[in-house]
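Here is the structure we will look at.
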Amino acid sequence: MMNNNNNPNKLDPQQVVAEFKDIPPMPNVMLKALTVIKNPTTGIAELAKIMQIDQAISTKTLGLVNSAFYGFRQQITSINKALVILGMMKAKNIIMSLALKQMMTAQGSRELWEHSIRCAVASEILAKEFKVINPDDAFVIGFLHDIGKMLLNIKNPLKYSKVRYLATQGNVNLVDVEDSQFGTNHCVLGALVSKKWQLPVILTNCIRYHHDPAQSSLPSVCGIVYCADRLVQAQMPTPLLETKVMSKLDFSIQDPVALRETILAKANIFLKEMSGP
Ligand SMILES: [Fe+2]
Ligand SMILES: [Fe+2]
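Count along the sequence shown from 1, add 687, and you get the number used in this note's numbering.
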């Protein structure tokens, strides 16, 4: 990664906070879901209420539960039954994926929301395989990892589309292009959003270091999101996973190309069920 110490445009942390103070609040439905799950005895009934009020959420949840994504044998027709089968954490994650769809699409792009879903599913699969973090928590981290891109887009949509274009040209790194154009990047800003939304510290940490997990105090947890993010890129990065990063993690991936195919197939089922109005 480029050394930004001599980047004259680089903002210091206080300047970043001052310049990017327009952080959208967490959507209400997500806030409500995060609040009710704190009570294990009533949480599931409260989540059912949230889902029943929102037609789109209940229809999509039923679609997903009955899809090949989970592969349950029986047909599930009620939200209550779906919630019992899924469990509170998965149900909460589905609510989150849909609650942020509007915001991510409007303040970022449709592409950002779709990439976030794919990365969430990938993170869950990798966490299950390598057992470095709870898979449901990994889903959340994967889903929110690029949330900082929204702030760059809100700040200056035209400049940000230029950044995205530049990042596709030649051998450049998106984070470096963001740094040179905005004086900061989506990792720093994502951590800011995570803090503002009062999300767990581990989440803020992984968002901050998802492009450079060796810098994190939890390299392997952060490494799950690093791998997930690269594995689901529309344009396959070369190398798919970087040796210098992988050597710092507690797990290894033998055949990343094959894993990418498996993960994308699964993620696309989830995405299909979550799509539509
Ligand atoms: Fe990223
Ligand atoms: Fe990403």
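A virtual CB, placed ideally from N, CA and C, is assigned to each residue, including glycine.
Taking the alpha helix (DSSP H) that VAL908 falls in, what are its first and last residues?
What you label residue 908 is simply residue 221 of the sequence shown in a count that begins at 1. Element bounds for VAL908: 906–918.
Just to confirm, are ASN780 and PHE817 a CB contact at a threshold of 8 Å?
As a working mapping, residue 780 is identified with position 93 in the sequence shown. As a working mapping, residue 817 is identified with position 130 in the sequence shown. No, the Cβ-Cβ distance between ASN780 and PHE817 is not below 8 Å.
Integer Cβ distance of CYS874 from HIS898, believed to fall under 8 Å
Your numbering for residue 874 matches position 187 in the sequence shown. Your numbering for residue 898 matches position 211 in the sequence shown. Going by Cβ atoms, the distance from CYS874 to HIS898 rounds to 6 Å, so yes, they are a contact pair.
Would the beta-carbon of ASP833 be found less than 7 Å away from any heavy atom of ligand 2?
Taking the sequence shown and counting its residues from 1, one reaches residue 833 at position 146. Yes, ligand 2 has a heavy atom inside 7 Å of this Cβ.
In terms of residues, what are the limits of the alpha helix (DSSP H) holding THR855?
Counting from 1 along the sequence shown, the entry for residue 855 is found at position 168. Run containing THR855: 844–855, per the alpha helix (DSSP H) assignment.
Quick one: residues in its chain with C-beta nearer than 8 Å to the C-beta of LEU739, no 5 flanking neighbours on either side, listed in chain order?
Taking the sequence shown and counting its residues from 1, one reaches residue 739 at position 52. The identity of residue 739 in the sequence shown is Gln, whereas the question assumes Leu. SER745 and ILE766, listed in sequence order.
Between the C-alpha atoms of ILE763 and GLY963, what's the straight-line distance to the nearest angstrom?
Position 76 of the sequence shown, counting from 1, holds the residue named residue 763. Position 276 of the sequence shown, counting from 1, holds the residue named residue 963. Taking the straight line from one Cα to the other gives about 21 Å.
Would you kindly check if the distance between the Cβ of PHE830 and the Cβ of MET775 is under 8 Å?
By 1-based counting over the sequence shown, the position of residue 775 is 88. By 1-based counting over the sequence shown, the position of residue 830 is 143. No, Cβ-Cβ distance for MET775 and PHE830 is not below 8 Å.
Would SER970 pass as a contact of ASP833 if the rule is Cβ separation under 8 Å?
No answer is possible for residue 970: the residues shown for the chain start at 688 and end at 964.
Could you check how far apart the C-beta atoms of PHE756 and LYS953 are, in whole angstroms? I think they sit under 8 Å.
Residue mapping note: residue 756 aligns to position 69 of the sequence shown, counting from 1. Residue mapping note: residue 953 aligns to position 266 of the sequence shown, counting from 1. 7 Å between Cβ atoms; contact.
At the level of alpha carbons, what is the spacing between SER810 and PHE957?
Translated into the one-based positions of the sequence shown, residue 810 becomes position 123. Translated into the one-based positions of the sequence shown, residue 957 becomes position 270. Using only the alpha carbons, I get a separation of about 13 Å.
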